[in-house]
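Peer 1:
Residue numbers (my numbering): 133 to 530.
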């Protein structure tokens, strides 16, 4: 089923946001809807017709942090220092223009660092989606496109949200906000902040014309496995464990203030540097110094320490001495190619599970099969961007 000819238009045109959302709720639809206006852009990611993330370019970090502050009232692991660590991830992505969604990367990092559980991350994603969709539904003019592949394809997923229910809730929130009654608006916000108020029902198989937007009674469903009840017609939310695609732990030695109140006078006013924060050692073996230098520039030195060598014959001894967390290995090198070196490294007991990513300009089936035979962990094709490299690293580093 074709969803609609969503190719980017050269000129802005009249937009119907509800119509666009209807078209991407088909069960077979997976990808990213992007809408561009003079004031910014909106990205809505769907997987089999269910929303997995929504974001916009306007003040996304502030929006993320606002909801983290709300969650911090119930989640003690969310402290003040996290804001600076998240900002570092966010600004690095924007500055290098390599990561389309540094905000989502920040959420993945929070889960990987155990500041949030996957179910709590799902609640956070839903809260963000509601605010993003509220502004999205107000759009009148712009251009749009739909792409079947996106940056989130290789990232952990924390929820699959019912688009129709989200739109209904957005309309209710807008309606209550327009009523000059603080209690009514407050009651809506309070309900939205409760974990079991986030109804994650799946859409029944409806046509676009049946994409009803009238208020309905919502049934709640907890994200956590085995928690809560669902109706027979409902399906449980699929939460992807973050350990399948873990993210690195950045080194942060910032001394950051705790919020001071009358009830925490006994607490220290500054947080101590966390000695457990780890810098991951990446060992790069490539006969081209240019490639090694490019990898150094691509990787943040607060998260990664990059060691490089361009002589494959000396590489094995250096690997044994350094014991890196991850190895980037060029396939095409003189004297000893990457396949042979990978096989030798795997024979050492200490490196049986160390991630080894093969780097090559070859993309043929036979080359990838050979990489699997020598137990390579991943395959990165040249030329690659910073985003390509980061995505590959995040899949393998624990």
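For glycine and all other residues, C-beta sits at the position ideal for the given N, C-alpha and C.
Measure the CB-CB distance between residue 302 and residue 265 and report whether it falls below 8 Å.
Peer 2: Reading the chain shown from its first residue, position 170 is the one you call residue 302. Reading the chain shown from its first residue, position 133 is the one you call residue 265. Yes, the pair counts as a contact, with Cβ atoms nearer than the cut-off.
Peer 1: Please say whether residue 276 and residue 168 have beta carbons closer to each other than 8 Å?
Peer 2: Stepping through the chain shown from its first residue, residue 168 is reached at position 36. Stepping through the chain shown from its first residue, residue 276 is reached at position 144. In this structure, residue 276 lies closer than 8 Å to residue 168 by Cβ.
Peer 1: Can you give the Cα-Cα distance for residue 162 and residue 446, rounded to whole angstroms?
Peer 2: Within the chain shown, the letter at position 30 stands for residue 162. Within the chain shown, the letter at position 314 stands for residue 446. The alpha-carbon atoms of residue 162 and residue 446 are separated by roughly 46 Å.
Peer 1: Please classify residue 427 as buried or exposed, where buried requires at least 16 other C-beta atoms within 10 Å of its C-beta.
Peer 2: Start at 1 with the first residue of the chain shown, and residue 427 comes out as number 295. Answer is buried; the Cβ neighbour count reaches 16.
Peer 1: Restricting to runs no shorter than 4 residues, where is the alpha helix (DSSP H) found entirely within the stretch 161 to 237?
Peer 2: Correct list: 192 to 204 and 214 to 228.
Peer 1: Tell me which same chain residues have a C-beta within less than 6 Å of the C-beta of residue 507, skipping the five on either side of it?
Peer 2: As a first step, residue 507 must be located in the chain shown, where it is residue number 375. 478.
Peer 1: Measuring straight from C-alpha to C-alpha, what distance separates residue 173 and residue 468?
Peer 2: Sequence index remark: in the chain shown, residue 173 carries index 41 (1-based). Sequence index remark: in the chain shown, residue 468 carries index 336 (1-based). When only Cα atoms are considered, residue 173 and residue 468 end up about 49 Å apart.
Peer 1: Compare the C-alpha of residue 297 against each of 243, 416 and 154 and name the closest.
Peer 2: Counted from its first residue, the chain shown places residue 297 at position 165. Of the listed residues, the one whose Cα sits closest to residue 297 is 154.
Peer 1: For residue 242, which three-state DSSP category applies?
Peer 2: Here residue 242 corresponds to residue number 110 of the chain shown, with the count starting at 1. Reduced to three states, the DSSP call for residue 242 is helix.
Peer 1: Since residue 477 is in the alpha helix (DSSP H), which residue starts that stretch and which ends it?
Peer 2: Taking the first residue of the chain shown as position 1, residue 477 is located at position 345. Under the DSSP assignment, residue 477 falls in the alpha helix (DSSP H) whose first and last residues are 470 to 479.
Peer 1: In three-state DSSP terms, what is residue 151?
Peer 2: For the purposes of this step, residue 151 is identified with residue 19 of the chain shown, where counting begins at 1. In this structure, residue 151 counts as helix in the three-state DSSP scheme.
Peer 1: Quick check: the Cα distance between residue 526 and residue 485, rounded to an integer number of angstroms?
Peer 2: Residue numbering aside, residue 526 sits at position 394 when the chain shown is read from its first letter. Residue numbering aside, residue 485 sits at position 353 when the chain shown is read from its first letter. One C-alpha to the other measures close to 16 Å.
Peer 1: Determine the closest residue to residue 268 out of 210, 216, 188 and 285, with distance taken between C-alpha atoms.
Peer 2: If you number the chain shown from 1, residue 268 lands on position 136. Here the closest residue by C-alpha is 188.
Peer 1: Would you mind reading off the limits of the beta strand (DSSP E) that contains residue 437?
Peer 2: Position 305 of the chain shown, counted from the start, is the residue given in the question as residue 437. Note, residue 437: beta strand (DSSP E), 436 to 441.
Peer 1: Just the C-alpha distance for residue 463 and residue 511, rounded to the nearest angstrom, thanks.
Peer 2: What you label residue 463 is simply residue 331 of the chain shown in a count that begins at 1. What you label residue 511 is simply residue 379 of the chain shown in a count that begins at 1. Each residue's alpha carbon lies about 10 Å from the other.
Peer 1: Could you pull the DSSP bridge partners for residue 462 from this structure?
Peer 2: On the chain shown, residue 462 is found 330 positions in, with the first residue counted as 1. DSSP output for residue 462 lists 491 as bridge partner(s).
Peer 1: Does any C-beta atom of chain C lie closer than 8 Å to the C-beta of residue 430?
Peer 2: Structure shown: chain C not included; a single protein chain is present.
Peer 1: Taking only three categories from DSSP, how would you classify residue 281?
Peer 2: Counted from its first residue, the chain shown places residue 281 at position 149. Residue 281 sits in coil when the DSSP states are folded into three classes, being neither helix nor strand.
Peer 1: Residue 458 and residue 487: beta carbons closer than 8 Å?
Peer 2: Position 326 of the chain shown, counted from the first residue, corresponds to residue 458. Position 355 of the chain shown, counted from the first residue, corresponds to residue 487. For residue 458 and residue 487, yes; Cβs fall inside 8 Å.
Peer 1: Going by CA-CA distance only, name the one from 243, 202, 252 and 150 that's closest to residue 272.
Peer 2: The residue you call residue 272 lines up with position 140 of the chain shown. Selected option, being the one with the closest Cα: 150.
Peer 1: On a Cα-Cα basis, can you pick out the residue from 455, 287, 170 and 431 that is closest to residue 518?
Peer 2: Here the question's residue 518 lines up with position 386 in the chain shown. When each option's Cα is compared against that of residue 518, the closest is 431.
Peer 1: Could you tell me which residues DSSP pairs with residue 259 in its beta bridges?
Peer 2: The sequence position of residue 259 within the chain shown is 127, counting from 1. Under DSSP, residue 259 forms no beta bridge with any residue.
Peer 1: Is it the case that the Cβ atoms of residue 417 and residue 460 are separated by a distance below 8 Å?
Peer 2: For the purposes of this step, residue 417 is taken as the residue at position 285 of the chain shown. For the purposes of this step, residue 460 is taken as the residue at position 328 of the chain shown. Closer than 8 Å, so yes.
Peer 1: Figure out for me which residue from 290, 241, 414 and 281 has the closest Cα to the Cα of residue 214.
Peer 2: Position 82 of the chain shown holds residue 214. Nearest C-alpha to residue 214: 241.
Peer 1: Is residue 148 buried or exposed, if buried means 16 or more other CB atoms sit within 10 Å of its CB?
Peer 2: Locating residue 148 in the chain shown gives position 16, where the first residue counts as 1. Exposed, since its Cβ has fewer than 16 Cβ neighbours within 10 Å.
Peer 1: With C-beta atoms as the reference, is residue 274 less than 8 Å away from residue 144?
Peer 2: As a first step, residue 274 must be located in the chain shown, where it is residue number 142. As a first step, residue 144 must be located in the chain shown, where it is residue number 12. Against a cut-off of 8 Å, the Cβ pair of residue 144 and residue 274 comes out as a contact.
Peer 1: Who are the Cβ neighbours of residue 284 in its own chain at under 8 Å, not counting the five residues just before and after it?
Peer 2: For the purposes of this step, residue 284 is identified with residue 152 of the chain shown, where counting begins at 1. For residue 284, where only same-chain residues beyond five positions count, the Cβ hits under 8 Å are 164, 177, 184, 185, 233 and 236.
Peer 1: Which partner residues does residue 417 have in the DSSP bridge list?
Peer 2: Here residue 417 refers to the residue found at position 285 when the chain shown is read from its first residue. Looking at the DSSP assignment, residue 417 forms a beta bridge with 441 and 461.
Peer 1: Quick one: Cα of residue 257 to Cα of residue 200, how far?
Peer 2: Here residue 257 is taken as the residue at index 125 of the chain shown, counted from 1. Here residue 200 is taken as the residue at index 68 of the chain shown, counted from 1. If I take the Cα positions, the gap works out to 11 Å.
Peer 1: Looking at the strands, I want to know which residues DSSP matches up with residue 293.
Peer 2: Counted from its first residue, the chain shown places residue 293 at position 161. As DSSP reads the structure, residue 293 sits in a beta bridge with 183.
Peer 1: Which same chain residues end up closer than 7 Å to residue 195 when comparing Cβ atoms and leaving out the 5 residues on each side of it in sequence?
Peer 2: As a first step, residue 195 is located in the chain shown; it is residue number 63 there, counting from the start. Here the set comprises 260 and 263.
Peer 1: When we look at the beta-carbon of residue 449 and count the other beta-carbons within 10 Å, is it buried (16 or more) or exposed?
Peer 2: Numbered from its first residue, the chain shown carries residue 449 at position 317. By the 10 Å Cβ count, residue 449 comes out exposed.
Peer 1: Per DSSP, what are the beta-bridge partners of residue 450 in this structure?
Peer 2: Within the chain shown, numbered from 1, the residue matching residue 450 stands at position 318. DSSP, once it has assigned bridges, lists no residue as partnering residue 450.
Peer 1: What residues in its chain sit with their C-beta under 8 Å from that of residue 414, if we drop five residues either side in the sequence?
Peer 2: On the chain shown, position 282 is the one that residue 414 refers to. Around residue 414: 427, 431, 436, 437, 438, 439, 456, 457, 458, 459, 460 and 525.
Peer 1: If you compare alpha carbons, which of 222, 289, 220 and 270 is closest to residue 250?
Peer 2: Along the chain shown, read from residue 1 onward, the residue named residue 250 stands at position 118. Ranking the options by Cα distance to residue 250, first place goes to 289.
Peer 1: Which class does residue 267 belong to by DSSP, given the choice of helix, strand or coil?
Peer 2: Locating residue 267 in the chain shown gives position 135, where the first residue counts as 1. Helix at residue 267.
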